[in-house]
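If you're matching positions, the sequence shown starts at 118 in our numbering and goes up one per residue. Beta carbons are placed, not taken as given, at the ideal position from N, Cα and C, and that holds for glycine.
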Amino acid sequence: GLADYVVTEAGFGSDLGAEKFMDIVCPAAGVRPDATVIVATVRALKMHGGVPKTDLSKEDIPALGRGVPNLLKHCENMRLYGPPIVICINRFSSDTQTEVDYLLSRCKEQGLPVAVSDVWEKGGAGGLDLARIVLDAASNPGEFHPLYNPGKPVKEKIECIATNIY
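Structure follows, in structure tokens:
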């Protein structure tokens, strides 16, 4: 191959881009992922926890906690495919250290490998921890399997996605 590693940004959400990548692109291209990285932000999880957009820069640990189940559902979805999961916390300058530490601890409580990506502020150095964790996860890729056989009728594919992902 041309590279030791290929990183694909498969789109927004495990229920949208990642599902299509895993169930359609991988089988059609004859490729399989060695790891899945789920990118989360404190901002998005606080929004899922009920914080209006205008208040996202304010520290709000309770709202962040209410948003964590959304992240965990995406993890549950991606576990269905087999490869190991890594959580990337894409840090914003408005995130407080307390919020980042809280999210790190919640991920670790679930046994999820997690790292903060701070490349916006620190350049490439801000992604080194994440890269190390992803390489470690990819070294033990598990067995990839799409949710459904590509030859199944469309109705069965839709039913499979609707009952397993949503």
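- Check the Cα spacing between Cys-143 and each of Pro-270, Tyr-265, Lys-272, Lys-163: the tightest is with Tyr-265.
- Following the DSSP letters along the chain, one finds Ser-234 inside the beta strand (DSSP E) bounded by residues 231 to 234.
- Glu-226 is the residue among Glu-226, Pro-201, Leu-133 whose C-alpha sits nearest the C-alpha of Pro-186.
- Following the DSSP letters along the chain, one finds Val-203 inside the beta strand (DSSP E) bounded by residues 202 to 207.
- For Thr-153, the three-state secondary structure derived from DSSP is strand.
- Taking Ala-255 as the centre and dropping the five residues before and after it, the same chain places the C-beta of Asp-151, Ala-152 closer than 6 angstroms to its C-beta, in chain order.
- Here DSSP, grouped into helix, strand and coil, assigns Lys-190 to helix.
- Around the beta carbon of Pro-179, fewer than 16 other beta carbons sit within 10 angstroms, so the residue counts as exposed.
- The region 157 to 164 makes no contact with the region 241 to 253; the number of CB pairs closer than 8 angstroms stays below 3.
- Note on Leu-188: 16 or more other CB atoms within 10 angstroms of its CB, so buried under the neighbour-count rule.
- Residue state for Val-271 is assigned as helix, using DSSP reduced to three classes.
- Between Ile-204 and Ile-155, the gap from beta carbon to beta carbon is short of 7 angstroms.
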